[in-house]
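>
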Amino acid sequence: MLEFALVMSILVPLFAGMFTIGITLCKGIQVSNVCQDAVVLMVRANTDPNAGLDLSLTQNQRMIVRAAAGLGMNANAQYDPSSTGNGVVILSKVIMVGPQECASGVVPAPPTAPPWNASNCPNYGQYAFTYRVVIGNGTRWTSTFGNPPTGVVHSDGTISARDIATNTSNRALNATFLNLSASTFALVSEMYADVSYINLFSVMNTPIIYSRSIS
Amino acid sequence: MAKLTNRLRQKGFALILHTCMLMGTVAMVGLAVDVGTIYMIKARLSAAVDAAALAAGRSVNLANTVNQAQTQATAAAQQFFAANFPTGYLNSIGAPTVTPTFTQDTDANGNPTGILEIAVTASAKAPTYFLNMFTISNVTVSASSTASRRGLVLMLVLDQSSSMNTAADPLSGLTACQAMKQAAQNFITLFSPYDYVGLVTFDITAHLVYAPSTSYGNGTLNGDIGAIVCQSNTNTISALELAYQQIRTVNLPLALNTIVLFTDGSPNGVSANFPLRTALDSRWGPALASPAPPAQSGSTFGHTNSCNDVGPQDANSVNEEAICINMPVECTTAGTVRGTLSQWGGQDSWGAGTYGLAKPTDSDAAPSFPGTCSNAGGLPSTNVRQFLSYIPDTDIYGNSLHGIRDNWLFQTNQLCSPDPNVQPNCKNTGDQWANHAGIGSGSNFFPTVNSYTNAKTYGGFFRIDQPNTVVAASMNGTINEAFKIRSDNTYNPVIHTVYLTGNGTDSVDREFLPMVANSPTITALPYDPVSFVPYPNPAFQPDQEQGKYLVTADRNQLQSLFAQLASEVLRLSK
Chain L
22 MLEFALVMSI
32 LVPLFAGMFT
42 IGITLCKGIQ
52 VSNVCQDAVV
62 LMVRANTDPN
72 AGLDLSLTQN
82 QRMIVRAAAG
92 LGMNANAQYD
102 PSSTGNGVVI
112 LSKVIMVGPQ
122 ECASGVVPAP
132 PTAPPWNASN
142 CPNYGQYAFT
152 YRVVIGNGTR
162 WTSTFGNPPT
172 GVVHSDGTIS
182 ARDIATNTSN
192 RALNATFLNL
202 SASTFALVSE
212 MYADVSYINL
222 FSVMNTPIIY
232 SRSIS
Chain A
8 MAKLTNRLRQ
18 KGFALILHTC
28 MLMGTVAMVG
38 LAVDVGTIYM
48 IKARLSAAVD
58 AAALAAGRSV
68 NLANTVNQAQ
78 TQATAAAQQF
88 FAANFPTGYL
98 NSIGAPTVTP
108 TFTQDTDANG
118 NPTGILEIAV
128 TASAKAPTYF
138 LNMFTISNVT
148 VSASSTASRR
158 GLVLMLVLDQ
168 SSSMNTAADP
178 LSGLTACQAM
188 KQAAQNFITL
198 FSPYDYVGLV
208 TFDITAHLVY
218 APSTSYGNGT
228 LNGDIGAIVC
238 QSNTNTISAL
248 ELAYQQIRTV
258 NLPLALNTIV
268 LFTDGSPNGV
278 SANFPLRTAL
288 DSRWGPALAS
298 PAPPAQSGST
308 FGHTNSCNDV
318 GPQDANSVNE
328 EAICINMPVE
338 CTTAGTVRGT
348 LSQWGGQDSW
358 GAGTYGLAKP
368 TDSDAAPSFP
378 GTCSNAGGLP
388 STNVRQFLSY
398 IPDTDIYGNS
408 LHGIRDNWLF
418 QTNQLCSPDP
428 NVQPNCKNTG
438 DQWANHAGIG
448 SGSNFFPTVN
458 SYTNAKTYGG
468 FFRIDQPNTV
478 VAASMNGTIN
488 EAFKIRSDNT
498 YNPVIHTVYL
508 TGNGTDSVDR
518 EFLPMVANSP
528 TITALPYDPV
538 SFVPYPNPAF
548 QPDQEQGKYL
558 VTADRNQLQS
568 LFAQLASEVL
578 RLSK
């Protein structure tokens, strides 16, 4: 009995760790795939606006929530995203503001422009959001790039040319690693998923899986 | 006793057994960790390679040569790969290598389809922890992805009519013609050397200035745009047809085949086989001096009948004319003459000049009148009304010249901009003629009854003697030409339109260019009141490609408008 207890004291944590890490690995790959699927949908929507892929609509968001089946993002059997669930997918389009964005967003153009610069176009040379859609529990997690200020994101997820060029609160944080040149953009999908329900014996300190895909 | 001895002998066996098992279990756990790590790295590598391929496809633009484009695309692929797969991800060893390759897709017969395939492969070294004990310190994992970029065949169709020769803008010092050239020169720098870009310009004749080519970035096209001289009339239909034929010639069915039409006014040229006028009728004067016209008396449409240039001048400083009763015929034998007829008196509804015939395109033969027509040596001229009977129902491209503008009156329905900076501030935008009784002849058609002497000789046909009607037929023809182009299910062309308002006489109503572009909504002109509410395009074709319609009253905004359009085109071609 003593021997068995001794052995089990090693085996139980080992098996619990194996279980937790194994399932987390599976979930991690799923989260990564959801991000990848989401960014591909964004690319498609961005490439062909007539494709009917408006990801601000619940019926289109269901595609992403369905890909995240088992991660606790859905509110019902129809895979509507839950605003209080265990996960969130954050879709952003980040642009390096250049002359083109300034010409569209600063209207009428001031006498000093062109050339455009930070004094006649406040976000010139900065990373700014041009699109943001949050699917799922958006109150619990925040994008690593920060959030556009309240009120600037339209119901379809877009942000006005004026806010892109001039609203300094609409800048994306921590985006310098993207190394974008002027007027080029990156589509970003990020996902957070809470997997604390598989965290046996609290093997993981923070049982949250995060992944992002940038395209 | 024996039982006790056996039990004592078995003591510690479980520990030994489990220790042995533990070695196997630890080995399994170690293997699981290694394989799990490799799997995670492989999954991330795969996602990063997908992103790299898409980024490379997007970055093929903005270069003058294929080599430059490939260099840029490779850099973008590496940049987006690094953003998704940071060096050292999950302790992976070294910097992964990323290699894009570029291949033009071909059909079964080896012909290019217009699709550029960008394949990206990458490999990374995943670390091992358990396997390291067996001298396997890392495992190379690789992933590949292919993105396809839809090529672009872009025909730039630029209006070089005389109305573009405006006074210089006080801010930029540019005429509308110069502003257009500058914007177009900037526009063509925004595409990829994998794309085909060509140029058609048009006045009364459409000119193929630069056949679509991938070498457009070598400076020739830039020079051609710079050499544009704005003159003469606006033969939009032939220009669209010429651009369309170039798209067919390039023959890239899967490419994004696009026409960008820039204009500052309504079309006013119709290319057709015009029937010679061999029967006596009465129509807007003046008539040639020979054969001598009959003496005139009485009045029609409130003006004393006359075969001379009588005036008075209308609001556009163009002579209003009078009806010439029994205008003499010049031709004795029936036949047709092929060419382009244009208006020469604004969009006037009181007669005034119609002009022609001119060559529809540079490759067409010059129109010639048969020897059975007297005075033909004096043509082309504004006297063409005496030689030709009416505007036929179809043009030389098979387009119907009838449609939504059949009963349109142009020089009416003045709108004034609420913004005093919009210059000129007010514009006639046209209306249904039925709403404006007493203006001109009241119709674009020759009467079907003799409401005045010999009025119905060519009854029911479009008047050839009335500038308003030439413009109406041109608008119908342009809308139908655009419809025909968009109906092509092989090349699926898209037509975008850019409108610079400001033309002194030939302004465009708010519906015409959205109809040509097949834009779903009719939006405000700069002259529309603030209360204007956009409404659905009455001619919208949901089954056809939708183009973008952009309008400005400020020529200094043209560059920005063209850039917006480039952004639209590039977004669709990625």
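Read top to bottom, the protein sequences are chains L and A.
Here my numbering = 1-based position in the first sequence + 21.
Here my numbering = 1-based position in the second sequence + 7.
For every residue, glycine included, the Cβ atom is placed at its ideal position computed from N, Cα and C.
1) So, for tyrosine 136 (chain A): in the same chain, excluding its five sequence neighbours on each side, which residues have a beta-carbon less than 7 Å away from its beta-carbon?
2) What are the start and end residues of each continuous beta strand (DSSP E) run of 3 or more residues lying completely inside the region 233-315 of chain A, in chain order?
3) I think proline 169 (chain L) touches arginine 183 (chain L), with their Cβ atoms under 8 Å apart; what is that distance to the nearest whole Å?
4) Going by DSSP in three states, aspartate 402 (chain A) sits in which element: helix, strand or coil?
5) From the DSSP secondary-structure annotation, give me the bridge partner or partners of valine 160 (chain A).
6) Leaving out the 5 sequence neighbours to the left and right, which residues in its chain are closer than 7 Å to asparagine 98 (chain A) when beta-carbon positions are compared?
7) Residues of chain A with a CB under 7 Å from the CB of glycine 146 (chain L): which are they?
8) Could you tell me which uninterrupted alpha helix (DSSP H) segments, each at least 4 residues in length, are contained entirely in the region 152-205 of chain L, listed from first to last along the chain?
9) Applying a beta-carbon distance threshold of less than 9 Å, which residues of chain L neighbour glycine 447 (chain A)?
10) Would you call asparagine 226 (chain L) buried or exposed, if buried means 16 or more other Cβ atoms sit within 10 Å of its Cβ?
11) Using a threshold of 8 Å, state whether the C-beta atoms of threonine 285 (chain A) and valine 336 (chain A) are closer than that.
12) Can you say whether phenylalanine 453 (chain A) is buried or exposed, counting buried as having 16 or more other CB atoms within 10 angstroms of its CB?
13) In chain L, which residues lie less than 9 Å from arginine 284 (chain A) when you measure between Cβ atoms?
14) Does chain L have any CB closer than 8 Å to the CB of aspartate 400 (chain A)?
15) Let me know the secondary structure DSSP gives leucine 92 (chain L) once reduced to three states.
16) Figure out for me which residue from A:Asn406, A:Asn382, A:Gly405, A:Ser407 has the closest Cα to the Cα of leucine 395 (chain A).
17) Distance cutoff 8 Å, beta carbons only. Does leucine 62 (chain L) sit that close to anything in chain A?
18) DSSP three-state call for serine 220 (chain A): helix, strand or coil?
19) Which of the three DSSP states is assigned to lysine 132 (chain A) in this structure?
20) Look at the Cβ atom of leucine 159 (chain A), then the Cβ atom of tyrosine 203 (chain A), and state whether they are nearer than 8 Å.
21) Measuring straight from C-alpha to C-alpha, what distance separates proline 387 (chain A) and histidine 503 (chain A)?
22) What are the boundary residues of the beta strand (DSSP E) that includes aspartate 58 (chain L)?
23) Scan the region 28-39 of chain A for residues whose Cβ lies nearer than 9 Å to a Cβ of chain L and list them as they occur along the chain.
24) To the nearest angstrom, how far is the alpha carbon of proline 293 (chain A) from that of cysteine 338 (chain A)?
25) With DSSP collapsed to three states, give me the class of lysine 581 (chain A).
26) With a cut-off of 8 Å on the beta carbons, I'd call phenylalanine 547 (chain A) and asparagine 563 (chain A) a contact; round off their distance for me.
27) Under three-state DSSP, which class holds proline 387 (chain A)?
28) Who are the Cβ neighbours of alanine 55 (chain A) in its own chain at under 6 Å, not counting the five residues just before and after it?
29) Considering only DSSP beta bridges, list what serine 514 (chain A) is partnered with.
30) Just to confirm, are proline 103 (chain A) and serine 144 (chain A) a CB contact at a threshold of 8 Å?
31) By the criterion of Cβ-Cβ separation under 7 Å, what are the contact partners of alanine 570 (chain A) in chain L?
32) Contact criterion: CB-CB distance below 8 Å. Does glycine 121 (chain A) meet it with respect to chain L?
33) Can you tell me the Cα-Cα spacing of leucine 46 (chain L) and alanine 60 (chain A), whole angstroms?
34) Run through DSSP, which three-state label would isoleucine 211 (chain A) get?
35) According to a CB-to-CB cut-off of less than 9 Å, which residues of the region 84-106 of chain A neighbour chain L?
36) Given a cut-off of 8 Å on the beta-carbon distance, is the pair leucine 123 (chain A) and tyrosine 201 (chain A) in contact?
Here's the rundown:
1) On the second sequence, position 129 is the one that residue 136 (chain A) refers to. Closer than 7 Å at the Cβ level, and outside the excluded window around tyrosine 136 (chain A), lie Gly37, Val40, Asp41.
2) 263-270, 276-282, 288-291
3) As a position in the first sequence, residue 169 (chain L) is number 148, starting the count at 1. As a position in the first sequence, residue 183 (chain L) is number 162, starting the count at 1. About 13 Å; that fails the 8 Å criterion.
4) Reading the second sequence from its first residue, position 395 is the one you call residue 402 (chain A). Three-state result, aspartate 402 (chain A): coil.
5) Counted from its first residue, the second sequence places residue 160 (chain A) at position 153. Valine 160 (chain A) is bridged to A:Tyr203, A:Asn264.
6) Numbered from 1 along the second sequence, position 91 holds the residue referred to as residue 98 (chain A). Contacts found: Pro134.
7) Translated into the one-based positions of the first sequence, residue 146 (chain L) becomes position 125. Per Cβ cutoff of 7 Å: no residues; glycine 146 (chain L) is ~18 Å from chain A at best.
8) The region 152-205 of chain L contains these whole alpha helix (DSSP H) runs: 182-187.
9) Stepping through the second sequence from its first residue, residue 447 (chain A) is reached at position 440. Residues of chain L passing the Cβ test: none, with the nearest at roughly 39 Å.
10) Here residue 226 (chain L) is taken as the residue at index 205 of the first sequence, counted from 1. The residue is exposed, with fewer than 16 neighbouring Cβ atoms inside 10 Å.
11) Counting from 1 along the second sequence, the entry for residue 285 (chain A) is found at position 278. Counting from 1 along the second sequence, the entry for residue 336 (chain A) is found at position 329. Yes, Cβ-Cβ distance for threonine 285 (chain A) and valine 336 (chain A) is below 8 Å.
12) Counting from one through the second sequence, the residue named residue 453 (chain A) turns up at place 446. The residue is buried, with at least 16 neighbouring Cβ atoms inside 10 Å.
13) Translated into the one-based positions of the second sequence, residue 284 (chain A) becomes position 277. Ordered by position in chain L, no residue passes the 9 Å Cβ test against arginine 284 (chain A), which lies about 49 Å from the chain.
14) Numbered from its first residue, the second sequence carries residue 400 (chain A) at position 393. Interface with chain L (8 Å Cβ-Cβ cutoff): aspartate 400 (chain A) is excluded.
15) In the first sequence, the residue the question calls residue 92 (chain L) occupies position 71. Correct three-state label for leucine 92 (chain L): coil.
16) Taking the first residue of the second sequence as 1, we reach residue 395 (chain A) at position 388. If we check each option's Cα against that of leucine 395 (chain A), A:Asn382 comes out closest.
17) Position 41 of the first sequence, counted from the first residue, corresponds to residue 62 (chain L). No, no contact with chain A.
18) Residue mapping note: residue 220 (chain A) aligns to position 213 of the second sequence, counting from 1. DSSP places serine 220 (chain A) in strand when its eight states are reduced to three.
19) For the purposes of this step, residue 132 (chain A) is taken as the residue at position 125 of the second sequence. Three-state result, lysine 132 (chain A): strand.
20) Mapped onto the second sequence, residue 159 (chain A) falls at position 152. Mapped onto the second sequence, residue 203 (chain A) falls at position 196. Taking 8 Å as the Cβ cut-off, leucine 159 (chain A) and tyrosine 203 (chain A) qualify as a contacting pair.
21) Residue 387 (chain A) sits at position 380 when you count from the first residue of the second sequence. Residue 503 (chain A) sits at position 496 when you count from the first residue of the second sequence. Unreliable placement is indicated for proline 387 (chain A), whose pLDDT of 47 sits below 50; the coordinate value is still reported in the next sentence. Distance between the alpha carbons of proline 387 (chain A) and histidine 503 (chain A) is about 33 Å.
22) Locating residue 58 (chain L) in the first sequence gives position 37, where the first residue counts as 1. Secondary structure note for aspartate 58 (chain L): it is in no beta strand (DSSP E), and the uninterrupted alpha helix (DSSP H) holding it is 23-68.
23) Met28, Leu29, Thr32, Val33, Met35, Val36, Ala39
24) Along the second sequence, read from residue 1 onward, the residue named residue 293 (chain A) stands at position 286. Along the second sequence, read from residue 1 onward, the residue named residue 338 (chain A) stands at position 331. Each residue's Cα considered, the two are about 17 Å apart.
25) For the purposes of this step, residue 581 (chain A) is taken as residue 574 along the second sequence, with counting starting at 1. With a pLDDT of only 44 at lysine 581 (chain A), under the threshold of 50, the placement of this residue in the model should not be trusted; the figure read from the coordinates follows. Lysine 581 (chain A) falls in the coil class under three-state DSSP.
26) For the purposes of this step, residue 547 (chain A) is identified with residue 540 of the second sequence, where counting begins at 1. For the purposes of this step, residue 563 (chain A) is identified with residue 556 of the second sequence, where counting begins at 1. The beta carbons of phenylalanine 547 (chain A) and asparagine 563 (chain A) sit about 31 Å from each other, so the pair does not count as a contact at 8 Å.
27) Counting from 1 along the second sequence, the entry for residue 387 (chain A) is found at position 380. Model confidence at proline 387 (chain A) stands at a pLDDT of 47, short of 50, so the residue's coordinates are unreliable and nothing is read from them.
28) The residue you call residue 55 (chain A) lines up with position 48 of the second sequence. Counting only Cβ-Cβ distances below 6 Å, and skipping sequence neighbours, we find Phe88, Asn91, Phe92.
29) As a position in the second sequence, residue 514 (chain A) is number 507, starting the count at 1. Per DSSP, serine 514 (chain A) has no beta bridge partner at all.
30) Your numbering for residue 103 (chain A) matches position 96 in the second sequence. Your numbering for residue 144 (chain A) matches position 137 in the second sequence. Not a contact, by the Cβ cut-off of 8 Å.
31) Within the second sequence, the letter at position 563 stands for residue 570 (chain A). What alanine 570 (chain A) touches in chain L: Gln121, Ala124.
32) Position 114 of the second sequence, counting from 1, holds the residue named residue 121 (chain A). Not closer than 8 Å to any Cβ of chain L, the Cβ of glycine 121 (chain A) fails to qualify, so no.
33) In the first sequence, counting from the first residue as 1, residue 46 (chain L) sits at position 25. In the second sequence, counting from the first residue as 1, residue 60 (chain A) sits at position 53. For leucine 46 (chain L) and alanine 60 (chain A), the distance between alpha carbons rounds to 26 Å.
34) The residue labelled residue 211 (chain A) in the question sits at position 204 within the second sequence. Of the three classes helix, strand and coil, the one that applies to isoleucine 211 (chain A) here is coil, per DSSP.
35) Gln86, Phe87, Ala89, Ala90, Asn91, Pro93
36) Here residue 123 (chain A) is taken as the residue at index 116 of the second sequence, counted from 1. Here residue 201 (chain A) is taken as the residue at index 194 of the second sequence, counted from 1. Contact flag set, yes.
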